Amino acid sequence: MIVAYGFANLLQSVAAARTTLHHTFDPGLLLRLAGHRTYLIGLGCQVVGFVFAFLARRDLPLFLVQASVAAGLGVTAVLGVVVLKWRLPAAELVLLVLLFGGITALVLSAEPAPSRQLGAAGLVGLVAALGVIAGSGFFAARLHGALGSVVLGSLAGMAFSAAAVAARPLASADSAEVFVRDPLLYLLIVHSVVGQLLLGLAMQRGSTTAAVAAMDAAGAVPAAIVGLLLLDDKIWPGREWLAGLGFLVTLAAVVGLTRYAEPQHHHATVRSREPALVGAGVLPAQAASSGPRSGTAASTSTPTGAVVGSTVAGRRRPITRS
């Protein structure tokens with residue numbers, strides 16, 4: 002599960018960086034992303050991770066499962082080192098150790114138990130949450146920069162958190178017929194689609210770091226609280242402190258890892274584009290000064306690798322940053 006989400010984080014952020022910037026809460030973004038093979042592979046990894054997480058939620062408390070989902074970023078960092086030749090600073094190595102320690106503490110403190118059913122009030126709450134999240138996303142899509150990343154990432158995390166809350170009791174369905182007829186299934190699907198759209202919008206804004214950190218925090222914390230209060234999630238007696246410490250350490254490590262993953266990802270993306278420019282007879286430094294040309298495209302990037310704009314057929318068109 003953690004490995005699958007790690008692959009998904011890396012591949013989807015790359016695809017979002019290559020997709021035209023969307024300024025509205027438009028489901029068409031998902032169709033555009035689906036045109037990228039990288040995104041589809043990442044989505045496939047996410048589906049695999051989701052299936053494993055769904056099965057885990059049958060008996061394991063949400064605070065453990067959601068923290069494990071967030072820990073996928075640690076796998077992303079390791080993949081970046083192995084596949085993309087990212088550097089591994091000493092601070093990042095410490096964060097990976099802390100992440101492993103936090104998840105271990107959660108595993109030791111979580112008591113397996115089936116979920117309590119939500120009931121009618123819980124269904125109404127999930128429907129209301131869907132309306133609030135989607136409505137907020139409609140207005141938040143107009144935000145740009147780091148603020149847009151944080152707000153949209155937080156809303157995506159809340160949508161995924163609501164999907165996790167729906168999945169916990171749904172995973173205990175006795176038969177396929179009960180599973181298909183349960184309204185929680187359809188609430189889970191809709192919340193997941195809304196969350197995926199919001200995540201795509203967040204990754205297109207000013208900072209993938211802010212988007213991922215906000216999503217992880219907003220996705221793990223509410224689900225953990227709801228699970229403990231309403232779904233009968235259990236902690237082994239006397240280990241409450243271990244669960245709390247493990248949860249906080251895991252989230253802190255995940256947020257810290259985003260700080261190192263983003264700049265290296267940008268650097269690798271920009272470096273991969275430079276040979277294409279050189280092969281076309283245009284040096285990277287010249288791309289910024291070249292004027293609009295019909296039928297050609299040029300892009301400029303800041304020292305951090307953020308793509309500022311492009312010219313297509315003589316017209317400037319904003320593109321995205323991972």
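For the sequence shown, my numbering begins at 2 and goes up steadily by one. All residues carry an ideal CB built from backbone N, CA and C; glycine is no exception. Note that the structure is a prediction, hence the values are computed from the model and not measured.
Check: For GLY7 versus GLY73, is the C-beta distance shorter than 8 Å?; Outcome: yes
Check: Tell me whether ALA172 sits in a helix, a strand or coil according to DSSP, three-state version.; Outcome: coil
Check: State the start and end residues of the unbroken alpha helix (DSSP H) segment that holds VAL52.; Outcome: 38-57
Check: Taking the CB atoms as reference points, tell me whether ALA157 and GLY132 lie closer together than 8 Å.; Outcome: no
Check: For ALA5, which residues from the same chain have a beta carbon less than 6 Å from its beta carbon, with the 5 sequence-adjacent residues on both sides left out?; Outcome: CYS46, VAL49 and GLY50
Check: Which residue wins for smallest C-alpha separation from LEU188, given the options ASP175, LEU119 and ALA92?; Outcome: LEU119
Check: Comparing C-alpha positions only, which one of ALA214, ARG33, ILE190 and THR105 sits nearest to SER66?; Outcome: Rather than Ser, the amino acid found at residue 66 in this sequence is Val. When each option's Cα is compared against that of VAL66, the closest is THR105.
Check: For VAL166, which three-state DSSP category applies?; Outcome: helix
Check: For PRO304, is the classification buried or exposed, using 16 other Cβ atoms within 10 angstroms of its Cβ as the cut-off for buried?; Outcome: Confidence at PRO304 is low in this model, with a pLDDT of 37, below 50, so its placement is unreliable and the value that follows should be read with caution. That one is exposed.
Check: Can you give the Cα-Cα distance for ARG59 and ASP234, rounded to whole angstroms?; Outcome: 11 Å
Check: If I measure Cβ to Cβ from TRP237 and keep anything under 7 Å in the same chain, skipping five residues before and after, which residues do I get?; Outcome: SER110 and GLU112
Check: Would you identify the three-state DSSP class for ALA78, choosing helix, strand or coil?; Outcome: helix
Check: Identify the continuous alpha helix (DSSP H) that holds ARG182 and give its terminal residues.; Outcome: 177-182
Check: Alpha carbon to alpha carbon, how far is ALA164 from MET216? Give it in angstroms, no decimals.; Outcome: 13 Å
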